[in-house]
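See structure below.
Number of protein chains: 2
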Amino acid sequence: MLIVRDLMVRGFRRFGDFEQSGEGIATNILADRLRRLQQAELVEAEPDPEDRRKVNYRLTEKGIGLAPVMLELLIWGARHENTGAPREVVEQMAANRDAVLAETRRRWVERDPRPILPWLGGPKR
Amino acid sequence: MLIVRDLMVRGFRRFGDFEQSGEGIATNILADRLRRLQQAELVEAEPDPEDRRKVNYRLTEKGIGLAPVMLELLIWGARHENTGAPREVVEQMAANRDAVLAETRRRWVERDPRPILPWLGGPKR
DNA sequence: ATTTTTACTTGCGAATTGCAAGTGAATAAT
DNA sequence: ATTATTCACTTGCAATTCGCAAGTAAAAAT
């Protein structure tokens, strides 16, 4: 789920992004999860045309379809726990769910890598 | 998550309900999960006043707050996989999210044990 | 007084995970 | 041209978690 979230709202694309993200996932598990997400057709992988060592991972239509679930989870978390998410920002998002989801999908369609949740940080590169 | 879902929409309340639910969860794991859900304040347990062997588990306010997440997950699952959920029914729910959530909360407040998702079945007793 | 029901706990082998150290191919640096 | 480095993994092993079967304790039913 963290992988899906990071692909969705943090602009992650590459294996190394997750390694250095502080999610604390071991590389063997990460490789396994990316494989399974591909089998489940939530994620697709393609080698970077400019550097064939690199692999770009991207959510599929099915994967981006999880956006409403992730958004509700974000809202719930911010309301009931101390996540790092600023309460007021999240309440703004809760009051404008459709706009947030439309923007999320827009960034997916246009391959816009800017993170939607700035407090999580983008890829370290 | 299945425990939370079953408490939320299947009218489950007791340990034995989960054991016989076909979720295929071992009793030691079930006990551990119920304990952790209590620690996380998603679930509370109280002994049945009429039969003190029995324990009634119930979602807390925080727990029922996950209803929007579960609903979005249900919708996503029905759209992208063959879950047992009838597509048309789920699309009706997707078109009336607020009403579904209001009814879910009403059943929680009033301790109404009738299952909201009939195709999952209620507790076997 | 004995049996049954209910909610667990215990013990153990099997599967999953975390950690550290590789591997191999592609690019970058010298 | 040769060597070094980057990148996406894989491998081996110990530690944790899990599934399964059996057991336990308290309360209720017989």
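Just so you know, the sequences run in chain order H and L. Going by our numbering, the letters in the first sequence line up with residues 26 to 150, in that order. Going by our numbering, the letters in the second sequence line up with residues 26 to 150, in that order. Heads up, the beta-carbon is just placed ideally off N, CA and C, and yes, glycines get one too. Nothing here was measured: the structure is a model prediction, and the numbers come from that model.
Beta-carbon proximity list for residue i, same chain, < 8 Å, skipping 5 on both sides
{"i": "H/Leu142", "result": "Val34, Arg35, Leu99, Ala110"}
{"i": "H/Val115", "result": "Leu99, Ile100, Ala103, Arg104"}
{"i": "L/Leu126", "result": "Ala92, Pro93, Leu96"}
{"i": "H/Pro140", "result": "Val34, Arg35, Gly36, Gly146, Gly147"}
{"i": "L/Arg30", "result": "Met95"}
{"i": "H/Arg131", "result": "Asp137"}
Best match in the options for proximity to residue i [C-alpha to C-alpha]
{"i": "H/Pro119", "options": "L/Val94, L/Glu106, L/Pro140", "result": "Residue 119 of chain H is actually Ala in this sequence, not Pro. That would be L/Val94, whose Cα lies nearest to the Cα of H/Ala119."}
{"i": "L/Thr129", "options": "L/Arg77, L/Val114, L/Ala92, L/Arg38", "result": "L/Ala92"}
{"i": "H/Ala65", "options": "H/Ala124, H/Leu126, H/Arg38, H/Met26", "result": "H/Met26"}
{"i": "L/Trp133", "options": "L/Lys79, L/Gly90, L/Ser46", "result": "L/Gly90"}
{"i": "H/Glu106", "options": "L/Glu113, L/Lys87, L/Arg122", "result": "L/Lys87"}
{"i": "H/Arg112", "options": "H/Trp144, H/Arg136, H/Asn53, H/Asp73", "result": "H/Trp144"}
Assumed close pair residue i, residue j - CB separation to whole angstroms, cut-off 8 Å
{"i": "L/Phe43", "j": "L/Leu55", "result": "6 Å"}
{"i": "L/Arg58", "j": "L/Ile28", "result": "6 Å"}
{"i": "L/Phe37", "j": "L/Pro148", "result": "6 Å"}
Cβ neighbour criterion (16 or more within 10 Å) applied to residue i
{"i": "H/Glu97", "result": "buried"}
{"i": "L/Ala51", "result": "exposed"}
{"i": "L/Gly146", "result": "exposed"}
{"i": "H/Gly49", "result": "exposed"}
Same chain, Cβ closer than 6 Å to residue i, five either side skipped, listed in chain order
{"i": "H/Leu32", "result": "Leu84"}
{"i": "L/Pro138", "result": "Gly36"}
{"i": "H/Gln45", "result": "Lys149"}
{"i": "H/Thr108", "result": "Gly102"}
Cβ shell of residue i (< 7 Å), same chain only, five flanking positions each side left out
{"i": "L/Arg122", "result": "Leu96"}
{"i": "L/Asn53", "result": "none"}
Could you check whether the region 78–88 of chain L touches the region 63–70 of chain L, counting it as contact only if at least three pairs of C-beta atoms, one from each stretch, sit closer than 8 Å?
Segments in contact, yes.
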